[in-house]
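Read the structure below first, then the notes.
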Amino acid sequence: MSKVVGLEAFDASLDADGIVILPPADARRTLEELASLGVEVQTTILDPWYNKGIGGTRDDYGVFILELLSLAAGVSQHVFLWGFPEIIARFVERIPPRLELVAWLTWYYKNSPSVIRGWRSSQNACLHLSRPGAKLFPQHFLNGAQKEKLAQGKLRYMPGPTSVIEEPLLCGFVGKSEQMGHPAQKPVAVFQKIILMTTKKNDLVLDPMSGAGTTGEAAKSLERRAILCDESEEYTRMSEERLGVARLGHSKSKAKGGPDRNRHRDPAIAGGLFDRHGK
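If you read the sequence shown in the working numbering, its first letter stands for residue 432, the second for the next number, and so on.
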């Protein structure tokens, strides 16, 4: 990235669109090059393939994730790691030294379409890690009455959001307007909550495994800025179409016209990929 586009083009894209889409690259390279450019972000979202089913498996998955966490800690105050509970649990006792555990978060969805016999999966897990002393913003979740009391100095304590995020799975007709065809796409509302908790307006969010570009859409809706990258050419194009932003080094006209959501649609999504395969 740094050799191809340089910091000038990077800054220009952020200023113009509030979003930078980098050319396809693996997450490790993205994190290393951002660090070499001196880029600092408030929050990094890591949503890797879950080492089962779609996305394949790798024998060094544990080492791979720990390396990503260490690299993310070098450029960001907060780091979120997504996965199935049985995958994520392995890393609770292996958090890199620069980070500490803030919370175990759960995304809960009632509309699990799985037809397996036994327990139907209806959750994803997320480790919220941060550098010591990294700031949280629970005030972003206050309702009108609470905000009024806060302004008057009468709010006795700052209530935070719960650690369970309940949003339906993007499946069938549910969230159809959001669906881009990525087999593990999460709802914008899920990412909005973790971005709200860890950032303020104009802060920078990084997603080096950006998939369908959900982080970019969530950040933009909250007046935050975002850096997106994915190693897949297909998913990079998907983000460009969804967000109307061309990757660095491409003309803006190539990203215009709005997303063709049906062109990418994966028919297996209706079958419950989160349950049977994972990301």
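Where a beta carbon is used, it is the ideal one built from N, C-alpha and C, also for glycine. Just so we're clear, the structure is a prediction, and the values are computed from it rather than from any experiment.
Listed in chain order, the non-local C-beta contacts of Arg525 below 8 Å within the same chain comprise Gly493, Leu497, local neighbours out to five positions each way being set aside. Between the alpha carbons of Ile626 and Leu536 lies a distance of about 13 Å. Ranked by Cα distance from Ile476, the first of Ile452, His509, Asp446, Asp448 is His509.
In this structure, DSSP gives Leu674 a helical state, which the three-state scheme calls helix. The straight-line gap separating the alpha-carbon atoms of Ser594 and Ala534 is approximately 7 Å. Excluding its 5 nearest sequence neighbours in each direction, Cys557 has C-beta neighbours in its own chain below 6 Å: Phe511, Trp513, Leu536, listed in chain order. For the pair Leu445 and Arg656, the CB atoms are nearer than the 8 Å cut-off.
By a beta-carbon distance limit of 8 Å, Ile450 contacts Gly647. Their separation comes to about 5 Å. In the displayed model, Glu648 falls within a helix according to three-state DSSP.
In the DSSP secondary-structure assignment, Arg656 is bridged to Leu635. In the DSSP assignment, Ala534 falls within the unbroken beta strand (DSSP E) covering 531 to 539. In this structure, Gly603 sits away from Pro618, with a CB-CB distance that is not shorter than 8 Å. Assigned with DSSP and collapsed to three states, Phe604 falls in coil, not helix or strand.
Judged by their CB atoms, Ala504 and Met640 are not nearer to each other than the 8 Å cut-off.
Contact between Leu567 and Thr629 holds, with the beta-carbon distance rounding to 7 Å and staying under 8 Å. Within its own chain, the residues whose Cβ lies closer than 6 Å to the Cβ of Ala643, once the five positions on either side in sequence are excluded, are Met611, His613, Gln616, Met669, listed in chain order.
Beta-bridge annotation (DSSP): Val510 is paired with Thr475, Leu560. Here Ser652 is exposed, its C-beta having fewer than 16 other C-beta atoms within 10 Å. If the five residues before and after Ala649 are omitted, its C-beta is found closer than 7 Å to the C-beta atoms of Val619, Phe622, Gln623, Ile626, all from its own chain and listed in chain order. Annotated three-state conformation of Glu664 is helix, per DSSP.
Taking 8 Å as the cut-off, the beta carbon of Pro569 is found closer than this to the beta carbon of Met589. 8 Å or more divides the Cβ of Leu500 from the Cβ of Leu468. Within its own chain, the residues whose Cβ lies closer than 7 Å to the Cβ of Arg678, once the five positions on either side in sequence are excluded, are Ile452, Leu453, Pro454, Thr667, Glu671, listed in chain order. Look at Val470 here: in three-state DSSP terms it is coil, with no helix or strand label.
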